[in-house]
Amino acid sequence: MLGLMQDWPLLIHRVIDYAATQHAKREVVSRSVEGPIHRTDYASIRLRSLKLAQRLERDGIRFGDRVATLAWNTWRHLESWYGITGIGAIYHTVNPRLFEDQIVFIINHAADRILLLDLTFVPLVEKLASRLPTIERFVILTDAAHMPQTSLKNAVAYEDYINEADGDFRWASFDENTAAGMCYTSGTTGDPKGVLYSHRSNLLHAMMAVAPDYFCLSAMDRVMPVVPLFHANSWSLAFSAPMVGAALVMPGPKLDGASVHSLLEDEGVTMSAAVPTVWLGLLQFMQTSGKKLSTLKHVGIGGSACPRIITESFETQYGVRVTHAWGMTELSPLGSFCAIKPETAALEGKALYDLKQKQGYAPFSVEMKIADDSGRSLPRDGKTFGRLMVKGPSVSKGYYGIDAAILDEEGFFDTGDVATIDENGYMLITDRSKDVIKSGGEWISSIELENLAVGHPDVAEAAVIGIAHPKWDERPLLVIITKPDRALTKDEILAFMSGKIAKWWMPDDVVFVDEIPHTATGKILKTALREQFRDYRLPTA
Ligand code: ADP
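The working numbering puts the first residue of the sequence shown at 7, with every later residue one more than the last.
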C-alpha cells in the first residue's frame, strides 16, 4: 500500500521559489569581480534565474545538457545554478585552480555546451578555447560596460544575455533523481573523475546541513560561503541558506585575511565556512592588525584537517564556535560534523580541543563504518584504524562516463581515507590510505605527525612520507619549510615532537626544503614528494 501524501519532487528550483516567497527581501550581497559591493535579494535572484533559464532554452539548451561555470562566489554564479537546473540542464562547476590540461580535459569530458565565466578567467579561456570544441557560446559574467574585447566564440555579456528574456517562464517539471550538478574530483592520481549530483541528493544534503548540530542556519543568519561554489557545491550553502531564508554574503575573488575580515564586519556575517588556509589568513590578519570580530558566531571548517590552533583561537580568543567537518566531492560533500553530544558535553580545556580535532560523527543520511582490507567492519574503539566507508542518498554510486563499480556488496563507497571511530561515534581521519606509513605491519598516520610538526612556532609547512626501510618496510621522513628567518634544527623539532606521540612514530629523519609540491586544490601532493625522495636513504637504514 502506498502512502496518501503528495508527490512533490525534491527539485532545486523549489528552494529559490520558497526563498522568493517567504524571504523575498533577504539580501544577497556580493563583492563583485568588477570591484564594488553589489546588493540584491532572493526575489530578484529568482526572477533573474528564470530569465537565464528562458534564455538558455532559446539557445537550444535542453534537458540533460551541461552548462559550465568558471566563476567566483557572486550573485550571478548563484542564480546561474538555479537557472540552469530549472530547465533540467546540469551546472558543471569548473575549478579554476585545476591545471590547464585538467580544465580542458573536464570540459571536453563533460561535453559542456555553454561556458559562463568571470572576467578574471577571460585570458585563461582565450588561451584554451581552441581546445574546447564542445563550447558553442561563452557568456561573460558581467555587464556591457565591463565587457572586454575578446576572441571567444559568440561571446556576450551575461547581463545583455539574460535581458533578452523577460522571465515570463515556468520551471520545467521532472523526476527528482534527474542530474543537477557536476563537479570533478581534483584527481591527485589519474584524470579527474566527474561526480554527478541529482536534484534529490542536493536537497537532502542541504536539508541535513542546516540542522543545529551541523551548520545551524536560520532566517536570522547572514551566511558567507568563502568555500567556492566550484568546491563541491560550496558545502551545500547555495541551497541551505535560501532554504531557511538566511542572507548570503558572497566574497567574490578576494579571499585574503583583510578582505574576508572587512566583509565579515561590514556585512554583519554570523556564519561562514572555509578551508583551514582561509582561516589561518584571517587569524594572522587579526593578530597583526589587532582587529576583532563583532558579529561572527560560528564557522564551519573542513576540506583538510583543521589545525588545533585555528579551533582554539576562534573559540577562546574570539568567541566563535567552530564546527570541524569532513567530506569529499563524492559526498556532496558533507560526511561528518564534530558537534557536542551529551556524552561529550562535560569536556573542557585540552580534552575538549582533543575532541574538536576529530572530524566528528555522521549525520542522519550518512552511514559510516571502518573496514579492513578484506572489507570486514572494525571495532569502534577510537584506536583501530581502517578504511573509511560511507553510504547514503548524497553519496556517489558511480562516476560520469566511467563504467566501473565503485561500491562494495553492501553499497558502501570507499572514501580512500583511513580513520578511527570512537565509542561515541566520533571519527578521526588518520590518513589517506595511499599516504599511511606502514611500519613493521602497523600503520603510522602521516597527518598526525604533520599536525604536530606545524604546531612548532618556526614551522610554516610540514609533510610526512614513508621511506623504504630494510627492517621496518617503511619509516617516516619529515619534510619541513621553516618560517622566514627562522633557523630550526632537526634536533629541535624532534625534541618538540618527542613525548607527544608513541616513540615508534617518531620520524627517522628531518629534511628542510624551500618548497613542498601541492595539488591544484592546495593539498600536499604526496605522490610528487615521494617521487622527489625516491632514492633517499634514511640514516637508520
Ligand atoms: P575537497 O573538494 O574537499 O578537496 P576532495 O574530494 O578533493 O574534496 O577531497 C576530499 C578529501 O579531503 C577527503 O577524502 C579527505 O582526505 C580530505 N578532507 C576533507 N575534509 C577533511 C578534514 N576535516 N580533515 C581531514 N581531511 C579532510
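The beta-carbon is built from N, C-alpha and C at its ideal position, and this holds for glycine as well.
Within 10 angstroms of the beta-carbon of W14 lie fewer than 16 other beta-carbons, which makes it exposed. Rounded to the nearest angstrom, the gap between the Cα atoms of V372 and S400 is 8 Å. A residue is called buried once 16 or more other Cβ atoms fall within 10 Å of its Cβ, and N160, having fewer, is exposed.
Going by C-alpha positions, R143 is about 46 Å away from I376. By the Cβ-count criterion, W510 is exposed, with fewer than 16 other Cβ atoms from all chains shown falling within 10 Å of its own Cβ. In the displayed model, H524 falls within a strand according to three-state DSSP. Annotation note: the segment 22 to 110 contains the following uninterrupted alpha helix (DSSP H) runs of length 4 or greater, listed N- to C-terminal: 48 to 64, 81 to 91.
Judged by the Cβ position, T283 fails to qualify as a neighbour of the ligand ADP at the 7 Å threshold, every heavy atom of the ligand being at least this far. For the pair L269 and V255, the CB atoms are nearer than the 8 Å cut-off.
For H237, the three-state secondary structure derived from DSSP is coil.
Scanning the segment 133 to 191 for uninterrupted beta strand (DSSP E) segments of 3 residues or longer gives 143 to 146, 185 to 190, listed from N- to C-terminal end. DSSP, read as helix, strand or coil, puts F539 in coil. For G274, the Cβ stays outside the 7 Å cut-off from all heavy atoms of the ligand ADP. Apart from sequence neighbours up to five positions away, the residues of its chain that approach I120 with a beta-carbon distance below 6 Å are V73, R143, ordered along the chain.
The alpha-carbon of A352 is positioned some 48 Å away from that of D124. Close CB contacts of G92 within its chain, under the 6 Å cut and outside five residues either way in sequence, are with H19, A59, W177 (chain order).
Each of D437, D541, A459 was checked against the Cα of W449, and the nearest Cα belongs to D437. Between the ligand ADP and I435, a heavy atom-to-CB distance of less than 7 Å is present. Under the 8 Å Cβ criterion, the segment 319 to 332 does not count as touching the segment 466 to 482, having fewer than three qualifying pairs. In the DSSP assignment, K444 falls outside any alpha helix (DSSP H) and lies within the beta strand (DSSP E) extending over 443 to 445. Per the C-alpha coordinates, the member of I443, M395, G407, G404 positioned closest to I427 is M395. Between I487 and V519, the CB-CB gap stays under 8 Å.
With fewer than 16 other CB atoms across the displayed protein chains lying within 10 angstroms of its CB, T27 is exposed. Excluding its 5 nearest sequence neighbours in each direction, A30 has C-beta neighbours in its own chain below 7 Å: D47, Y48, A49, listed in chain order.
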